[in-house]
Amino acid sequence: MTMIQLKNLEVSNRNVRQLRDDEDVEGLAKSIVNRKLISKIVLRPSRASDGTVIDNKYEVVAGQRRYMALVKIHGEDYILPEDDYIYIEDLDDKEAFLLSLEENVYRKDLTPMELNKAAVELNHMGFKDKEVAERLNVTPHRLKRLYVLSQDKNRIPPAAIEELQKPREESKFTDAHWQKLRNIDDEQVVKDVVDFIIDKECPPRDVPTVVKGVEKRLGVEKGPLKESSSSTSSPVDDGAPPNPGGPIKYSHKGELIMEEYADEKVFRIYGKEEEEKVDVEHYMEYLRHPAKFRCFVDFKLTVKPQMDSD
88 MTMIQLKNLE VSNRNVRQLR DDEDVEGLAK SIVNRKLISK IVLRPSRASD GTVIDNKYEV
148 VAGQRRYMAL VKIHGEDYIL PEDDYIYIED LDDKEAFLLS LEENVYRKDL TPMELNKAAV
208 ELNHMGFKDK EVAERLNVTP HRLKRLYVLS QDKNRIPPAA IEELQKPREE SKFTDAHWQK
268 LRNIDDEQVV KDVVDFIIDK ECPPRDVPTV VKGVEKRLGV EKGPLKESSS STSSPVDDGA
328 PPNPGGPIKY SHKGELIMEE YADEKVFRIY GKEEEEKVDV EHYMEYLRHP AKFRCFVDFK
388 LTVKPQMDSD
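Quick note, in the numbering used here, the sequence shown goes up one by one and the last residue is 397.
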């Protein structure tokens with residue numbers, strides 16, 4: 088195992104992370120030129136579909152960016168020094184997947200779709216939701232949102248899928264956006280809302296308001312938007328049902344004007360013409376800085392901040 092040429096390597100299909108663009112490798116290549124390779128590339132033997140080992144062929148289980156950077160620097164005929172790789176002959180598929188996941192997850196640039204794929208894979212391996220969340224370094228609440236992406240993939244507009252294939256900090260449409268939008272049945276409404284969110288870079292909390300504006304423009308008669316339940320189950324485990332709490336009612340001069348739903352973290356605001364349902368933090372921030380919100384579509388503030396509690 089002393090003469091491994093880069094042309095004899097291939098990225099393992101057990102690798103969690105998909106290389107997204109040439110720029111992803113360019114910066115690393117410059118770093119390797121200046122500082123050499125810091126972390127070793129992990130290899131295992133390549134196998135045919137029947138499990139037979141293929142001579143002089145190796146899978147890159149961890150370190151695909153380092154491998155691609157070396158190809159960019161030295162070309163495919165470059166011989167990989169022994170100090171730059173670790174060869175594990177008996178690494179099975181499960182171990183290869185977990186090793187790749189461990190290396191990539193704490194980089195914090197896995198995309199929502201990559202996290203979704205990893206979550207489903209871990210679940211099918213027998214890991215419970217709590218363990219899956221820990222391995223992916225996400226909250227249990229976000230894990231449920233990630234599961235939903237594979238369940239709804241055929242319903243998510245292409246523009247949203249494209250954004251979901253970017254790291255979360257770079258994406259204009261995330262799993263949090265989709266969680267608030269997934270219960271809308273009208274495909275045109277969903278598409279227009281997605282386009283608006285991406286164009287205006289709206290945060291997830293603005294989705295209900297954007298939906299109302301789009302429905303009004305399209306002349307769609309809909310009831311109040313209901314966000315998808317936090318009890319969305321994993322592909323294997325049944326999720327626990329939500330435990331809703333009763334509303335806290337507020338009145339102003341004897342007239343009921345607001346109900347606070349603690350379980351949903353929303354206010355239902357009673358205006359002169361219709362009910363509005365607004366995220367609590369968004370509403371309070373709006374009271375302080377109304378000019379900041381570009382994405383309030385057809386929203387009319389009807390409640391003053393001064394109010395008496397029943």
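C-beta: ideal position from N, C-alpha, C; glycine also.
Check, Outcome
"For Ile173: DSSP bridge partner residues", "Val129"
"Val98 - partner residues in DSSP beta bridges", "Val147"
"Outcome for Ile344 when other beta-carbon atoms lying within 10 angstroms are tallied against a minimum of 16", "At Ile344 the pLDDT is 46, less than 50, meaning the model places this residue with poor confidence; the figure from the coordinates comes in the next sentence. Counting Cβ neighbours within 10 Å, Ile344 comes out buried, since at least 16 surround it."
"Limits of the alpha helix (DSSP H) - the one that Arg229 falls within", "Pro227 to Gln238"
"Distance CB(Val148)-CB(Asn102) smaller than 8 angstroms", "yes"
"Secondary structure of Asp196, DSSP reduced to three states", "coil"
"As assigned by DSSP and simplified to three states, the class of Ile141", "strand"
"Local conformation of Leu251 per DSSP, three classes", "helix"
"Where Asp262 falls, given that 16 or more other Cβ within 10 Å makes a residue buried", "buried"
"Proximal residues to Leu130 (C-beta, below 8 angstroms), its chain only, five neighbours per side dropped", "Ile91, Leu96, Tyr145, Glu146, Val147, Val148, Tyr172, Ile173, Tyr174 and Ile175"
"DSSP three-state assignment for Arg355, whether helix, strand or coil", "Low confidence applies here, because Arg355 scores a pLDDT of 47, under 50, leaving its location unreliable and the question unanswered by this model."
"For Leu167, the nearest candidate out of Leu124, Leu202 and Ser133 (CA to CA)", "Leu124"
"CB of Val307 within 8 angstroms of CB of Val280, strictly", "no"
"Contact under 8 angstroms by Cβ, Leu202 with Val235", "no"
"Ile91 - DSSP class collapsed to helix/strand/coil", "strand"
"Rounded C-alpha distance that separates Leu251 from Leu305", "26 angstroms"
"Leu167, DSSP secondary structure in three states", "strand"
"DSSP three-state assignment for Val103, whether helix, strand or coil", "coil"
"Closest by C-alpha distance to Lys299, when choosing among Ile285, Asp273 and Asp286", "Asp273"
"Span of the alpha helix (DSSP H), counted from its first residue to its last, around Lys278", "Glu274 to Lys287"
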